[in-house]
Amino acid sequence: MKYYKALLFGSIGSIVETSEIQRKSFNKAFKQYGLDWNWTKRKYLSLLNKSGGKDRISKYAKMKKIKVNSVYLRNLKTKIFNNYLKKNQLKLRSGVKNLISLCKKENIKIAFVSSTSSNNINAILYSLRNSINKRDFNFIGNAKLVKKFKPNPDIYLLALKKLKLKPNDCVAIEDSQESLNSAKQAKIKCIIFPGKFHSSKKFIGAYKKVYRLNKNIILR
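So that you can map any letter, position 2 of the sequence shown is 227 in our numbering, and since no number is skipped, the others follow by simple counting.
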């Protein structure tokens, strides 16, 4: 069997399901800030079309025709989200652990190509500490490493540079259209592994769409 040289997990949602936790964290941040906002699952789903918490908050505030400190609110939400992760151990999504084990066995490089904050990355890895750890990855991205975030390809291009690989050496796994677009712009074949809040979407340009990860993901 011929495998890709690297497996690139993209957003946090490609390895762990956090959408509902994040939605509740936003609502707690709004309450602490003194806002009467409450993002229902339906509303949050519609807002996920925009990547990044700050931009979602700004967009919603514009709809409500009020001014808020979107950076402060985003940071407050992140603090609430990370505190939850520190106190609760999450589970990897279906097939992730076995796929990582197979990659390590076959000497396939593994990367976590996220452009979220390093605090978010560290909190996620801490919450998953009984399943995976930083040493499993040959590259871990974060927001400080690039100027332009997804859907721009910068974080993927940086990963390729650090791994010393070409786009056709790798396959990416993402869970949203914006992140898929990031991989595509870097000319990396991308498999969509949608979470609960993205499962009904079409995902234009995806190589394939799967609901469980297995060794076929890394087969050329």
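Ideal Cβ positions, reconstructed from N, Cα and C, are used throughout, including at glycine. Please read all numbers here as calculations on a predicted model, not as lab measurements.
Integer-rounded CB distance, given that residue j should sit under 8 Å from residue i
i, j, result
"Ile-291", "Ala-254", "The Cβ separation is near 15 Å, so there is no contact."
"Ile-240", "Val-321", "5 Å"
"Phe-362", "Ile-335", "5 Å"
"Val-396", "Leu-232", "6 Å"
"Pro-378", "Asp-400", "So it is not a contact: roughly 17 Å between Cβ atoms."
"Lys-421", "Ser-244", "6 Å"
"Lys-375", "Ser-340", "5 Å"
The alpha helix (DSSP H) enclosing residue i, as first and last residue numbers
i, result
"Val-296", "295-312"
"Ile-325", "321-330"
"Gly-278", "278-289"
"Ala-384", "379-388"
"Ser-424", "Unbroken run through Ser-424: none, as it is neither H nor E."
"Lys-268", "266-272"
Beta-bridge pairing of residue i - partner residues as DSSP gives them
i, result
"Ile-398", "Phe-234 and Ile-416"
"Tyr-228", "Leu-444"
"Ala-336", "Leu-233 and Phe-364"
"Leu-317", "Val-241"
"Lys-373", "In the DSSP output, where bridge partners are listed per residue, Lys-373 has none listed."
"Lys-433", "Ile-416"
Beta strand (DSSP E) segment containing residue i, residue limits
i, result
"Ile-349", "Run containing Ile-349: none in the beta strand (DSSP E); it sits in the alpha helix (DSSP H), 343-352."
When you compare the segment 385-394 with the segment 346-353, are there three or more beta-carbon pairs, one atom per stretch, that lie closer than 8 Å?
Because the criterion of three Cβ pairs below 8 Å is not met, the segment 385-394 and the segment 346-353 do not touch.
Touch test, the segment 306-321 against the segment 352-368, Cβ-Cβ under 8 Å, three pairs minimum
They touch, by the three-pair rule.
Does the segment 395-414 come into contact with the segment 363-373, if we say contact requires no fewer than three beta-carbon pairs (one atom in each stretch) closer than 8 Å?
By the criterion of at least three beta-carbon pairs nearer than 8 Å, the segment 395-414 is not in contact with the segment 363-373.
Flag this pair as touching only if the segment 408-426 and the segment 234-250 have three or more C-beta atom pairs under 8 Å; answer yes or no.
Output reads yes: the segment 234-250 touches the segment 408-426.
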